[in-house]
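Engineer: In terms of this note's numbering, the sequence shown has 883 at position 610, counting the first letter as 1, and numbering is strictly consecutive.
Where is the CB? At the ideal position from N, CA and C, for every residue including glycine.
Here the structure is a predicted model, which is why all the values come from computation and not from measurement.
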Amino acid sequence: MAFDTTGFEQVDSGRYIPIANHGLIGDLRTTALVGTNGTIDWYCCPRFDAPSVFGSILDAERGGSFELAAEVATRTRQFYFPDTNVLITRFFAADGVAEIQDFMPVVDDSREAARHRLIRRVVCVRGTLPFRARIAPRFGYGTEAHTTHLEGHTAVFRSPSLTLALTATTPLETDGRDVWSNFKLREGGSNVFALDQIGDDAPPRACPRAEAQEQAEATVRFWRHWLARSRYHGRWREMVNRSALVLKLLTYAPTGAIVAAPTTSLPEQIGGERNWDYRYVWVRDAAFCVYAMLRLGFTSEAEAFMGFISERGILRGTGETGPLQIMYGIDGRADLPEYELPHLEGYLGSAPVRVGNAATGQLQLDIYGALIDSIYLYDKWGQPISSDRWDEVGAVVDWLCEHWDQPDEGVWETRAGRRNFVYSRLMCWVALERAMRMANRRGLPADLTRWRESRDAIYRQIMRRGWSAERRAFVQGLDDHVLDASLLMMPMAKFISPTDPKWLSTLDALGVDLVSDSLVYRYDPAASPDGLHGPEGTFSICSFWYVEALARAGRLEEARLAFEKMLTYANHLGLFAEEIGPTGEQLGNFPQAFTHLSLISAAFNLDRALG
274 MAFDTTGFEQ VDSGRYIPIA NHGLIGDLRT TALVGTNGTI DWYCCPRFDA PSVFGSILDA
334 ERGGSFELAA EVATRTRQFY FPDTNVLITR FFAADGVAEI QDFMPVVDDS REAARHRLIR
394 RVVCVRGTLP FRARIAPRFG YGTEAHTTHL EGHTAVFRSP SLTLALTATT PLETDGRDVW
454 SNFKLREGGS NVFALDQIGD DAPPRACPRA EAQEQAEATV RFWRHWLARS RYHGRWREMV
514 NRSALVLKLL TYAPTGAIVA APTTSLPEQI GGERNWDYRY VWVRDAAFCV YAMLRLGFTS
574 EAEAFMGFIS ERGILRGTGE TGPLQIMYGI DGRADLPEYE LPHLEGYLGS APVRVGNAAT
634 GQLQLDIYGA LIDSIYLYDK WGQPISSDRW DEVGAVVDWL CEHWDQPDEG VWETRAGRRN
694 FVYSRLMCWV ALERAMRMAN RRGLPADLTR WRESRDAIYR QIMRRGWSAE RRAFVQGLDD
754 HVLDASLLMM PMAKFISPTD PKWLSTLDAL GVDLVSDSLV YRYDPAASPD GLHGPEGTFS
814 ICSFWYVEAL ARAGRLEEAR LAFEKMLTYA NHLGLFAEEI GPTGEQLGNF PQAFTHLSLI
874 SAAFNLDRAL G
């Protein structure tokens, strides 16, 4: 099936490369996007949710960038140093071959970590190549003026909120705002550019060639040592490893928080308004990440997220919509006001550019199931939760017994008012069922009679009012007839057998209504208005859910073919955005944790089913 994708004028000025033409580097505190053209066009410092320093992916003129490329016509190829997050961009020209090695050292020393050092190492491997570099920071999303002081091979950029120092092994020039350098490298030659955050009193620190080489080797060791802990050795090891490395990059080490994506406002539809800020901790996304990490054997990441939940009192919330809100800042803050940046044109003219997220005020009951399921899995595969955490879980489940039967905005964060979504009921059932399992397995105190009554009431309601005899399928809302891909979670949540006749009929109906050659739409906005204008692309997490649902239903050949097709939509590095557009382009914030965690789950379960 394909929905209408017309109605918006696509603005392509030639100043933007495709979203998929990027790689990601980071230091577990922030990240940078590096284009296949050698330009860093997204970088927030000093952390994921800080204002951008380089933001040309959202405005080619006003966003700021760090350009580094050959001065002659070249072909480029980009890849990761195997099993790491060290990115290499190669330039092939008539007279030579060179490469840029981009990475951010990951260090334990808090003083070193505060530098957020970004290193760009240019190496000529054959022949001779001329290069150009232009460093044009635009602080505060391009709203803050800055000064530039140049002394020899060092430039200091000062703005009211942030000071950065650029050191190079080649001479620099400046016009008082930007800095540039033109140089030629011969075979075996190299140059280094290092960008650091510095304090007002801290002097810049050079990064000689030898030091850059040492830090590159140390960064490679860090990532390889981390990845070696993975327990997955199946058919799709390379893709699973890359997805695990992405999820680790999206972890904020100081708190254990996991962001949904490192970007804001990359559009779900070119020219449309579905542009959101994803640099925060969605309870749902992060909880599913815990599941994926535990599957692979990364228990310390799960433990760190549980620490985030515990130390910031997430389960003890007392908001208007209940104990939990759907997302938090990476430091645990609850207030994430949404506002627009009208001076930025947006990627390919896709305005508005948004910072913050107004969805924090929504009621999404499914998050309780996602979080308590992750706590249950951590208690089972990681460490038994403490008595204090169990008291908090019990209080949340007691609250849910009183509030599960009410409308909410749902998993897709619709902005058309609250409805009785079946998926929300499903995940409330999960919350109660998993809490009961924990209580029974460990002999923990709980009002099991009350919990069981609520759990069974949810089950009966879904079976009675969430099933459409007309559609022969479970549907999006109670007493409804519209389908929704979130219901692919029903067998994965163990609500229903994957071979139950009702589920198999639902799977067939979803295949007809929402699946387009392995790509899966969340729902049809025309049949189920969501309060926003325009259509959207297929949602990649749903496509991987579909693979897993097929596998669990025993349709292994279909599942494997759908999975292999989905892998062809990854970019050249194995990265996925949130959505896939009508011609196979990646859309939405990039890369997306939700997509990569569902890839891991689908690969794990499909591999096991194939034997």
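By the 10 Å Cβ neighbour count, where 16 or more other Cβ atoms means buried, how is Q488 classified, buried or exposed?
Structural biologist: Here residue 488 corresponds to residue number 215 of the sequence shown, with the count starting at 1. Buried is the call here.
Engineer: Please go through the segment 414 to 482 and give each complete beta strand (DSSP E) segment of 3 or more residues, from N-terminal end onward.
Structural biologist: As far as the segment 414 to 482 is concerned, its whole beta strand (DSSP E) runs of at least 3 residues are 420 to 424, 427 to 431, 436 to 441, 452 to 459, 463 to 470.
Engineer: Could you give the residue range of the beta strand (DSSP E) that holds A597?
Structural biologist: Taking the first residue of the sequence shown as position 1, residue 597 is located at position 324. First, the residue type needs correcting, since residue 597 is Leu and not Ala in the sequence shown. Per DSSP, L597 belongs to no beta strand (DSSP E) and is neither H nor E.
Engineer: Need the endpoints of the alpha helix (DSSP H) that S516 sits in, please.
Structural biologist: As a first step, residue 516 is located in the sequence shown; it is residue number 243 there, counting from the start. Taken as a continuous stretch (DSSP letters only), the alpha helix (DSSP H) holding S516 covers 510 to 522.
Engineer: From the DSSP secondary-structure annotation, give me the bridge partner or partners of C397.
Structural biologist: Counted from its first residue, the sequence shown places residue 397 at position 124. Beta-bridge pairing links C397 to A371.
Engineer: Got a sec, what are the start and stop residues for the alpha helix (DSSP H) A835 sits in?
Structural biologist: The residue labelled residue 835 in the question sits at position 562 within the sequence shown. Where A835 is concerned, the enclosing alpha helix (DSSP H) stretches over 829 to 840.
Engineer: Assign S659 to buried or exposed, taking buried as 16 or more other Cβ atoms, counted over all protein chains shown, within 10 Å of its Cβ.
Structural biologist: By one-based count along the sequence shown, residue 659 stands at place 386. Flag for S659 reads exposed.
Engineer: Any contact of the segment 384 to 392 with the segment 417 to 424, i.e. 3+ C-beta pairs under 8 Å?
Structural biologist: For the pair of segments examined, the segment 384 to 392 was found not to touch the segment 417 to 424: the number of CB pairs separated by less than 8 Å stays below three.
Engineer: Run the CB neighbour count on R825, radius 10 Å, all protein chains shown included, and call it buried at 16 or more, exposed below.
Structural biologist: If you number the sequence shown from 1, residue 825 lands on position 552. With a threshold of 16 other beta carbon atoms within 10 Å, R825 meets it and is buried.
Engineer: Classify Q679 as buried or exposed, calling it buried when 16 or more other Cβ atoms lie within 10 Å of its own Cβ.
Structural biologist: In the sequence shown, the residue the question calls residue 679 occupies position 406. Exposed, by the Cβ-count rule.
Engineer: D646 to R515, Cα distance in whole Å?
Structural biologist: Counting from one through the sequence shown, the residue named residue 646 turns up at place 373. Counting from one through the sequence shown, the residue named residue 515 turns up at place 242. Each residue's Cα considered, the two are about 25 Å apart.
Engineer: What is the DSSP secondary structure of Q283, counted as helix, strand or coil?
Structural biologist: Against the sequence shown, residue 283 aligns to sequence position 10. Annotation note: pLDDT 41 at Q283 (below 50); position unreliable, coordinate value reported separately. In the three-state reduction of the DSSP assignment, Q283 falls in the coil class, being assigned neither a helical nor a strand state.
Engineer: I'd like to know if the segment 623 to 643 and the segment 577 to 584 are in contact, where contact means that at least 3 CB-CB pairs between them fall below 8 Å.
Structural biologist: In the pairwise beta carbon analysis, the segment 623 to 643 is classified as not touching the segment 577 to 584: fewer than three pairs are separated by under 8 Å.
Engineer: Counting along the chain, where does the alpha helix (DSSP H) carrying F364 start and finish?
Structural biologist: Reading the sequence shown from its first residue, position 91 is the one you call residue 364. Per DSSP, F364 belongs to no alpha helix (DSSP H); it is in the beta strand (DSSP E), 360 to 366.
Engineer: What would DSSP say about L621, mapped onto helix, strand or coil?
Structural biologist: Within the sequence shown, numbered from 1, the residue matching residue 621 stands at position 348. Residue state, collapsed to three classes: helix.
Engineer: In three-state DSSP terms, what is V755?
Structural biologist: Position 482 of the sequence shown, counted from the start, is the residue given in the question as residue 755. It is coil, neither helix nor strand.
Engineer: Three or more C-beta pairs closer than 8 Å, one from the segment 753 to 769 and one from the segment 695 to 707: is that the case here?
Structural biologist: Judged by Cβ distances under 8 Å, the segment 753 to 769 makes contact with the segment 695 to 707, as three or more pairs qualify.
Engineer: From this set, Q374, F863, T594, L879, which residue's C-alpha is nearest P540's C-alpha?
Structural biologist: The residue labelled residue 540 in the question sits at position 267 within the sequence shown. P540 has its Cα closest to that of F863, out of Q374, F863, T594, L879.
Engineer: Could you tell me the boundaries of the beta strand (DSSP E) in which T779 lies?
Structural biologist: Taking the first residue of the sequence shown as position 1, residue 779 is located at position 506. Looking at the DSSP string, T779 is not in any beta strand (DSSP E); the run it does join, the alpha helix (DSSP H), is 774 to 786.
Engineer: Kindly indicate which three-state DSSP category T889 falls into: helix, strand or coil?
Structural biologist: The chain is shown only over 274 to 884; residue 889 falls outside these bounds and no answer can be derived.
Engineer: Compute the beta-carbon to beta-carbon distance between P410 and V326, rounded to the nearest angstrom, for a pair I have assumed lies under 8 Å.
Structural biologist: Translated into the one-based positions of the sequence shown, residue 410 becomes position 137. Translated into the one-based positions of the sequence shown, residue 326 becomes position 53. Sure, about 5 Å apart at Cβ, within 8 Å.
Engineer: Using the C-alpha atoms, what's the distance from E511 back to F352?
Structural biologist: Within the sequence shown, residue 352 is the residue found at index 79, counting from 1. Within the sequence shown, residue 511 is the residue found at index 238, counting from 1. Their backbone Cα atoms lie some 13 Å apart in a straight line.
Engineer: Under the rule that 16 or more other beta-carbon atoms within 10 Å means buried, what is G280, buried or exposed?
Structural biologist: Looking up residue 280 in the sequence shown gives position 7. Confidence in G280 is poor, its pLDDT being 33 and thus under 50, which makes the residue's placement unreliable; the coordinate value appears in the next sentence. Flag for G280 reads exposed.
Engineer: Can you tell me whether V703 is helix, strand or coil according to DSSP?
Structural biologist: Locating residue 703 in the sequence shown gives position 430, counting from the first residue. In this structure, V703 counts as helix in the three-state DSSP scheme.
Engineer: Can you look up L402 in the DSSP assignment and give me helix, strand or coil?
Structural biologist: Within the sequence shown, residue 402 is the residue found at index 129, counting from 1. Strand.
Engineer: Quick test of the definition: if touching needs 3 or more C-beta pairs under 8 Å, does the segment 526 to 533 touch the segment 833 to 848?
Structural biologist: The segment 526 to 533 makes no contact with the segment 833 to 848: fewer than 3 CB pairs, one atom from each, lie closer than 8 Å.
Engineer: Mark T899 as exposed unless 16 or more other C-beta atoms lie within 10 angstroms of its C-beta, in which case mark it buried.
Structural biologist: With the chain covering only 274 through 884, there is no way to say anything about residue 899.
Engineer: What three-state label does DSSP hand D300 in the structure shown?
Structural biologist: Working through the sequence shown from its first residue, we reach residue 300 at position 27. It is coil, neither helix nor strand.
Engineer: My understanding is that P625 touches N548, with C-beta atoms under 8 Å, so please give their C-beta distance in whole angstroms.
Structural biologist: One-based indexing of the sequence shown puts residue 625 at position 352. One-based indexing of the sequence shown puts residue 548 at position 275. That pair is a contact at about 6 Å.
Engineer: Looking at the unbroken alpha helix (DSSP H) that takes in S816, where does it start and where does it end?
Structural biologist: Locating residue 816 in the sequence shown gives position 543, counting from the first residue. Taken as a continuous stretch (DSSP letters only), the alpha helix (DSSP H) holding S816 covers 813 to 825.
Engineer: Taking the alpha-carbon of M765 as reference, which of S338, E484, D300, A822 has the nearest alpha-carbon?
Structural biologist: On the sequence shown, position 492 is the one that residue 765 refers to. If we check each option's Cα against that of M765, A822 comes out closest.
Engineer: Between which two residues does the alpha helix (DSSP H) carrying T312 extend?
Structural biologist: Counting from one through the sequence shown, the residue named residue 312 turns up at place 39. Where T312 is concerned, there is no enclosing alpha helix (DSSP H), given that its DSSP letter is neither H nor E.
Engineer: Below 8 Å between beta carbons: does that hold for Y551 and D322?
Structural biologist: Counted from its first residue, the sequence shown places residue 551 at position 278. Counted from its first residue, the sequence shown places residue 322 at position 49. Against a cut-off of 8 Å, the Cβ pair of D322 and Y551 comes out as no contact.
Engineer: Measure from the alpha carbon of S816 to the alpha carbon of each residue in S434, A800, M762, Y620, then state which is nearest.
Structural biologist: The residue you call residue 816 lines up with position 543 of the sequence shown. Selected option, being the one with the closest Cα: M762.
Engineer: Runs of 4 residues minimum, wholly inside the segment 526 to 586: which ones carry the alpha helix (DSSP H) assignment?
Structural biologist: 556 to 569, 572 to 584
Engineer: Roughly how many angstroms separate the alpha carbons of A275 and L439, rounded to a whole number?
Structural biologist: Position 2 of the sequence shown, counted from the first residue, corresponds to residue 275. Position 166 of the sequence shown, counted from the first residue, corresponds to residue 439. Here the model assigns A275 a pLDDT of 36, short of 50, so the residue's position is not dependable, and the following value carries that caveat. Approximately 49 Å, taken between the alpha carbons.
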